[in-house]
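Chemist: Numbering (my numbering), first residue to last: 2 to 332.
Beta carbons are placed, not taken as given, at the ideal position from N, Cα and C, and that holds for glycine.
Submitted below is the structure of interest, expressed as structure tokens.
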Amino acid sequence: MPMPEAPTDFVDGVRQMASSGSAGANSGISTHMYVANQSMHKRAMCCTDSELLFVPQQGKLRCKTELGILTVAPGEVMLIPAGVVFSIELMEGPSRGYLCENFGAHFRLPELGPIGSNGLANSRDFLTPVAAFDASDEPYEIIRKFDGQLWQGKMNHTPFNVVAWHGNLAPCKYDTDKFMTIGSISHDHPDPSIFTVLTSPSDSPGVANCDFAIFPSRWMVAENTFRPPWFHRNVMSEFMGLVKGQHDAKPMSFLPGGVSLHNRMVPHGPDTNAFMAASQADLAPQKLSNTLAFMFESRSMLKPTDHAMRYPWRDAHYDACWQDLPKLFPD
Ligand SMILES: [Fe+2]
């Protein structure tokens, strides 16, 4: 999404991309992108439908919440619980990012299974704010999202007037550089669920309502292994974004700020360039540096919105990236 020319704050600049389920059903997710070139001024938002997971791609944000202030920069993510009033200010000019509304069970750390007690994201690295308040009597506009609709109301004072709080459902942020990636040190790929930062479980084990997975800078060391993600189709719908750098499956064609959607059982994998380069590469240890891709992955089918389908910058020929894959089997 290009930056807008007209003054646009976070609320004005959010566009829904693809979704499933609903708040009323307590199931599914909704994915969005936002662009903003100005701070929310005497305006606050409250999402009663879902918790909100922010993944900034450009521009540092200062998020004022009822429970305190969080600053979040690209490379970090922020989780705002449902019902918490917040306001987004821009700290480094125009900003762009991704947003996941989670209608299902609250995001939490995944079970670690045989990994044991430590690894992937650790709870100590999720930071919650301390209380901060102002006593302003200036009127505020409150935008409330309820049952998929936006509602508007006025307050004659600031909503950020909480002087102290306690509890365990609070806004938090997490620096993805703290994520301990775990991968193969012998051969083959583990399931990509090994990159899960947060999960919203469903009623069926193994297929989450939403997994938030990241693909950060890391070493690729497996021997005798095709290094990019393998060609696959699976039950999970994959909404993917790129914060920075290159994604190893689409090094030239998937750009920071872009979005891809591979819905349930849609086959996909590396494009022709990535396949050819990886097929001929020396399988020495390789470092992927300065990269951060991520996925909102859901067991639900994600329906693209009319907005997304009508966008002029939608890639109408995405499947062409696989058309030149050579036939390598003998006749
Ligand atoms: Fe995939």
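Let me check you understand the geometry: is the CB of Glu239 closer than 6 Å to at least one non-hydrogen atom of ligand 1?
Modeler: Under cutoff, so the answer is yes.
Chemist: With a floor of 4 residues, list each alpha helix (DSSP H) that falls wholly inside the stretch 69-109, ordered by position along the chain.
Modeler: Correct list: empty.
Chemist: For Ala19, write down the residues that DSSP places opposite it in a beta bridge.
Modeler: Its beta-bridge partners are Thr32, Pro305.
Chemist: Check each candidate in Lys65, Ile183, Ile186, Arg228 and name the one with the smallest Cα separation from Asn162.
Modeler: The candidate whose alpha carbon is nearest that of Asn162 is Lys65.
Chemist: Which of the three DSSP states is assigned to Arg300 in this structure?
Modeler: Coil at Arg300, not helix or strand.
Chemist: Could you say if the stretch 6-26 and the stretch 245-259 meet the contact criterion of at least three C-beta pairs nearer than 8 Å?
Modeler: They do not touch, by the three-pair rule.
Chemist: Given that a residue counts as buried once 16 or more other Cβ atoms are within 10 Å of its Cβ, and exposed if not, what is Leu170?
Modeler: Answer is exposed; the Cβ neighbour count stays below 16.
Chemist: Can the beta-carbon of His269 be found closer than 7 Å to that of Thr226?
Modeler: Contact flag unset, no.
Chemist: Provide the residue(s) that pair with Met221 in DSSP beta bridges, ordered along the chain.
Modeler: Note: Met221 sits in a beta bridge opposite Gln287.
Chemist: Count Cβ pairs between the stretch 124-133 and the stretch 81-91 that sit closer than 8 Å; are there 3 or more?
Modeler: No, they do not touch.
Chemist: Is the stretch 214-226 touching the stretch 285-299 in the sense that three or more CB pairs, one from each, lie closer than 8 Å?
Modeler: Yes: the two stretches touch, three or more of their Cβ pairs being nearer than 8 Å.
Chemist: Report the residue from Ser118, Leu121, Thr49, Arg63 whose alpha carbon sits nearest the alpha carbon of Val86.
Modeler: With distances taken between Cα atoms, Val86 lies closest to Thr49.
Chemist: Helix, strand or coil for Gln324? Go by DSSP, reduced to three states.
Modeler: Note: Gln324 maps to coil in three-state DSSP.
Chemist: Within a Cβ cutoff of 8 Å, which residues of the same chain sit near Asp135, ignoring the five residues on either side of it in sequence?
Modeler: Only Thr159, Phe161, Asn162 meet the Cβ criterion.
Chemist: Please report the Cβ distance between Leu54 and Leu100, rounded to the nearest whole angstrom; I am assuming they are in contact, meaning their Cβ atoms lie under 8 Å.
Modeler: Contact flag correct, Cβ pair sits at about 7 Å.
Chemist: Let's test the definition: count the other Cβ atoms within 10 Å of the Cβ of Met18 and tell me whether it reaches 16, buried, or not, exposed.
Modeler: Looking at its Cβ environment, which holds 16 or more other Cβ atoms inside 10 Å, Met18 is buried.
Chemist: Given this structure, state the Cα-to-Cα distance separating Ile183 from Ala223, to the nearest angstrom.
Modeler: Spanning the two alpha carbons is a distance of roughly 12 Å.
Chemist: Alpha carbon to alpha carbon, how far is Met156 from Lys43?
Modeler: The straight-line gap from Cα to Cα measures roughly 10 Å.
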